[in-house]
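Residue numbers (the UniProt record's numbering), protein chains in the order written: chain A, 1 to 814; chain B, 1 to 814.
Idealized CB from N, CA, C, for every residue including glycine.
Only a predicted model underlies this, so the values are computations on that prediction, with no experimental measurement involved.
These notes concern the structure reproduced below.
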């Protein structure tokens, strides 16, 4: 039995008036620059000079919104509205204007005729607002530009938000995208007890830009089967007859809401067997461009793709077209909707909820208002002990520290943090979280399953799109999280990362948008250590995607060991409105810095590692600077410098490590950029710099451009040479191995002692031995330890040879 | 009635023997480095030092393959096998080895005991092969590393290949990804008359790396509904009992094949009503790690995620584990499968098809063997007339030329070319193809639809993943095509572009892989001209993705007008094994070069435009070089130089345009890189270069690094400043407008005449006027022409003012 009463005639009139008002404002936004209330007949000069915008999807969006308002009024339910259809912006802007939040956010757009004029003029205009629901739309946590994420954002919003319902409208264009199709299954990860609910509304209006869509033309029984297969109970509402459509949709919405509440009540009252509920969803078929011109110049517009954008044109010069537009607008009976001063009439206002229950004013859709800082324990709890004596001698899986930090975050912030990961939590060595939470899974579980239950809150789904989208929604409703992925497969959702960056950048310009937790991405299993998985798993490109994200938003961290990762974690989990990219491999790594040293190093973002170099700081300039950013290349560089300084102690080398990559930029290019004096203090202004870099070498050239004598920087990095091979062979193939770096140092240092040429030849021989080893290995597979990074040369260094010296101490990688 | 006879006992024995042989070889690849035929009991030293690989999915893949072989033997059907499950490589390598193609491709891996030893050792070993079916796997057109594209690749392979069936195995991990879920709908675009067929086999073995999958745990009725909803008739085969599973799967395969042939025969014999057929697909549930160890150390392995990778370990030191492995291998009864010399026995060989019918030897899976050059008409047919007099004076939608070229390609190459595009063919102004082909659509069509039918061959689906994946499959089976997308949304499938580049790169190293047509991508609707769509549509990042693709594969073209685009098109449509990225906007553009000039310019890749500059070539060095790459920025730079040379004719400017972007690299960094002498001839070796670039400015810094005095290059480009605004405001916000460039020229030229400061202030004032115009526009929306790029300053140039001269001739953009 429905818990929402049937629509009364009075309510019908209110809902319909509100809808008409919304449609009227949408048409106004698309066409008019003046005469917003049609106080006089439209004139050519009232028409905007350039007609942009998308009418097609808007009336349907407004129709749904009008009925949701009534639902909220009856139930006081917290609802946010996710507008999937790309160009439905004007309907949502109109809704916010009718609800008053628009004027609250943008006081210049007043609730009167002048405000209406502004509202109309700014739409799709220079300096105005886009035609999508977007950052600038009050009540939106979703940008309608790039399609595919309406459902994953909605589900992310309701995880750990038991009292929230996200109504997510999926356009039939968007429904064709892979990411959207892959996100229906989100109900298989949603717990009705501690999560809220998503009500998906598939809005089939039949067309995208230029042609019909698959779902709109499939037989009904297939559409129904499709959603039942996904685990939903579809409720169909189809038609265009008024006012009957109001009653039918109102009933459908009441049914869906009742069903949601029944599921939730059962789960929360202990009356639930733990299986995945069959959730309701609505399939709404209405004509594209509903209530708009039906025939234009003899062609059917309403209900076809022709209504996608601007149905009428030429009304700046064609009186007939102008009258058609006027008739269309007057068909909404604006005199019933707006008072003479431009304010809305009581019958329209009667369909508005009030205060924070207004959908466009719900604080969940401006999540910064609800954001609480994470409770973070003291980093010293996670310190890996490193002393000057043990530095660079022991190997630790650094990402395990992050796992421990997140385990405690899960414990201390039980509804305010989640980890999202495509099935790789254990593989990425961050599985400590599973000590305090299972993986979420709502389908059948078996006795053999481990750490998997319907109450779990660690999110694993083999979909980067879902993982990323869920976190986006979780972030923008004010909660914290991390998306962890294999480095190469971070590119699967690269466009989502880029779009998230654009969201934050635009949000920074809106004072009414409270800042939300940052989008945090951990890339583990990096190109250098996907030696066994091969070339398809080797690609550090997401770093470049974030690099090109706007400077106010992008942050890139390349910690080198457990303690630098821990400090980085504290930083990103405390930050707001950023895209924080953290790249660190999961394999056992050398440890370089104590926790105190790490705090200082990461705090600054970079630093000189005196212990690794061979200069006496404060004396003369070094003969060369060796700089690094990234864990594996840092190990190679440390080893290379160790070799050189052992053999040629008079060659003075400065060792620089950069964790916060964008500090390399000039301050005028990036807010994290280090000052010119800091830069020259670090790199001098004329000594050659050899830069061993985690990613593509060109990235470094891009970063240091414009610095004093930038030509002196020679970067080594990943150059798309990969295969299934040994870890050490990976650095050899990409010419960033310790031996390559030894040769580079000798090639570029301003002073090379006499024995330099011998050392150079020794390094060449090491590489030749390696080549031979790779060629011959199939005949005589070496022991595992010989496959490890950098252990290969050990035998040669353990005894003196004719042309090299014994190192003073064992090489770091032993 | 089935057209394949029932499995006989003799066949069952052959199929089973072949399957056991395959499984045996798979286990051998994962574990053994010697003693491949178990001629003596296994010893610790027979075990590989590092155990890598993925057992779980392999036996199921081999099972399917064994039965497909029997089907081919009965029907002579051309079949290729798409291996979705990421790590099923060893099963496919084993299959190819059993069929003999492996030895044909890799003669060192002989058909004897020595060859078996090599086969085992190379797997997941340094210098060896990856654990996925990949480029190195004979019969593969699909890399199993990044999941999601098994179906779209399969459908791409069979478009215009009426006699081919692509059997596509979808793992239940992959089935969770968005791109895969979005690709079931490919049947809505497949014509049974002129296309081949895809037989999807969903292989539900229940687990991914660490947990079960959604589809494997859903109730059966939901799985069935899901596929019926997509338009398939699912055939379920479930179990693990032998030999009965052979009979059941054999029947299922025969049913599916019969159904496919019935559909095709009907369509091809005129007995078809034109509606989308209900295609068969198979859901195969077998235990993960089927036939492997059931219990290990008291834990269930077979049938669970624990069997995903390597089920046994410690057998290098633990006698008990070693015996378990030996028993496991002996359970396949190798003595029945291999002769004493290591060759396969007759009963195994009996299940192999022969010659090109072998699935691993089918030429469709080595598509270069079938590749035919496209018939291309003479470019002069498409020439846009440009003379020195009309240069830079008229606007043309350049991409329409590409549309015309493709229209003729469609006509002249009726089964060898397709355009793939997410619903934007007309929007991108390449709609001329629709004059000769409809859009493909197999669902219901209505009277109001235009250029849409079940016989159409223009591929539009609102999914970049499908568009890209279809083209990948079409390319790798030897046919040509183009993927066209909005620039920003090219990033949606960026990882596919990256992976395609990796495929080509690896293919280049395999002499048996014949070269295939290139992956051609057109990005239209670029960042600069998505002024009306706003920030979400503004992102030139895919350029950087291709930039970081391997040098032997990546090509980036930035044509500036219709004729340079035409020449570029001829180039990319003739090339092989490349990723060709072409970026050009669809809006009306200035035309600069005649067809003959364009041929020379694009042929070289770059050139000096003497007409645009103000130097006298051959005399002294210019005072500054203005370089461009990209259409919109070229227009701004041409205008800027026009302004400067009009006012300050004594300031000598060289104008350089680069179409083939990667020519900027040094030859040692890229095969397209121009020589140092060409570089200095173009850019001198010390004159400052102002570079106006289409994409992110840092890209230019990266490209010219290492060139003589690279610090002198100052690049302007897109810097993630965007919104809904005017085209001209876009170039202003990103500081690459003509006025910015005028100021840059004056700031950086080695000589500035006396009036330079006046011109500088004039340019500043123009920008100030623009700012004011943007701020004020809401009060007084200007006419459309004032929104166009660069027309804003016209009034000031039409009459002399106190501090500037009248230009000699109208500015280009008038």
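(message) I need the boundaries of the alpha helix (DSSP H) containing residue 486 of chain A, first residue and last residue.
(response) From DSSP, residue 486 of chain A is part of no alpha helix (DSSP H) but of the beta strand (DSSP E) over 480-486.
(message) Looking at chain B, is there any beta carbon in it that lies within less than 9 Å of the beta carbon of residue 218 of chain A?
(response) yes
(request) Mind the definition here: the region 368-378 of chain B touches the region 437-448 of chain B only if three or more C-beta pairs lie below 8 Å; say whether that holds. (result) no
(message) Quick check: is the beta carbon of residue 723 of chain A nearer than 9 Å to any beta carbon in chain B?
(response) yes
(request) Return helix, strand or coil for residue 660 of chain B, following the three-state DSSP convention. (result) strand
(message) Taking the straight line between their C-alpha atoms, what separation do you get for residue 473 of chain A and residue 157 of chain A?
(response) 4 Å
(message) Could you check whether the region 587-605 of chain B touches the region 631-648 of chain B, counting it as contact only if at least three pairs of C-beta atoms, one from each stretch, sit closer than 8 Å?
(response) yes
(message) Tell me the DSSP secondary structure of residue 541 of chain B in three-state form.
(response) coil
(request) Would you decide whether residue 577 of chain B is buried or exposed? Buried here means 16 or more other CB atoms lie within 10 Å of its CB. (result) buried
(message) Tell me the DSSP secondary structure of residue 714 of chain A in three-state form.
(response) strand
(message) With H, G and I counted as helix, E and B as strand and the rest as coil, what does DSSP make of residue 203 of chain B?
(response) strand
(request) Measure the C-alpha to C-alpha separation of residue 713 of chain A and residue 688 of chain A and round it to an integer number of angstroms. (result) 6 Å
(message) Against chain B, which members of the region 585-598 of chain A pass a CB distance test of less than 7 Å?
(response) none
(request) Using three-state DSSP, classify residue 520 of chain A as helix, strand or coil. (result) strand
(request) Just list the beta strand (DSSP E) runs in the region 134-204 of chain A, keeping only unbroken ones of 3 residues or longer that don't cross its boundaries, in chain order. (result) 164-171 and 197-204
(request) Closer than 8 Å by C-beta to residue 685 of chain A: which residues in its own chain qualify, once you throw out the five before and the five after it? Chain order, please. (result) 708 and 709
(request) My understanding is that residue 256 of chain B touches residue 215 of chain B, with C-beta atoms under 8 Å, so please give their C-beta distance in whole angstroms. (result) 19 Å between Cβ atoms; not a contact.
(request) Specify whether the region 452-464 of chain A and the region 181-194 of chain A touch according to this definition: at least 3 beta carbon pairs, one from each stretch, less than 8 Å apart. (result) yes
(message) Taking the alpha-carbon of residue 27 of chain A as reference, which of A:537, A:550 and A:310 has the nearest alpha-carbon?
(response) A:310
(request) Flag residue 264 of chain A as yes if its beta-carbon sits less than 9 Å from any beta-carbon of chain B, otherwise no. (result) no
(message) Is there a Cβ of chain B sitting closer than 9 Å to that of residue 310 of chain A, yes or no?
(response) no
(message) Looking at the strands, I want to know which residues DSSP matches up with residue 81 of chain B.
(response) B:167
(request) Step through the CB atoms of chain B and report whether any lies within less than 9 Å of the CB of residue 96 of chain A. (result) no
(message) With the cut-off set at 9 Å, would you say residue 179 of chain B and residue 182 of chain A are in Cβ contact?
(response) yes
(message) Please give me, in chain order, every unbroken run of the beta strand (DSSP E) with length at least 3 that falls completely inside the region 569-630 of chain A.
(response) 579-583, 588-590, 606-608 and 624-629
(request) Under 9 Å between beta-carbons, which chain B residues line up against residue 106 of chain A? List them in chain order, please. (result) Simply none; closest approach about 12 Å.
(message) Distance check for residue 629 of chain B and residue 401 of chain A, CA to CA, integer angstroms please.
(response) 46 Å
(request) Could you pull out every residue in the same chain whose Cβ sits closer than 6 Å to the Cβ of residue 233 of chain B, ignoring the five residues on either side in sequence? (result) 278 and 280
(message) With a threshold of 8 Å on Cβ separation, who are the neighbours of residue 735 of chain A within its own chain once the five nearest residues in sequence on each side are excluded?
(response) 716 and 719
(message) Could you tell me which whole alpha helix (DSSP H) segments of length 4 or greater appear in the region 289-339 of chain B?
(response) 319-330 and 334-337
(request) Determine the direct distance from the alpha carbon of residue 78 of chain B to that of residue 260 of chain B, and round the result to whole angstroms. (result) 13 Å
(request) Have a look at residue 784 of chain A and residue 50 of chain B and give me their C-alpha separation to the nearest angstrom. (result) Its pLDDT being 40, under 50, residue 784 of chain A is placed unreliably in this model, and the value from its coordinates should be taken loosely. About 6 Å.
(message) Assuming contact is defined by CB atoms lying nearer than 9 Å, are residue 545 of chain A and residue 545 of chain B in contact in what I supplied?
(response) yes
(message) For a test of the three-state rule: what should DSSP assign to residue 738 of chain A, helix, strand or coil?
(response) helix
(request) Check residue 696 of chain B in the structure and name its three-state DSSP category. (result) coil
(request) Please decide whether residue 696 of chain B counts as near chain A, where near means a Cβ-Cβ distance under 9 Å. (result) yes
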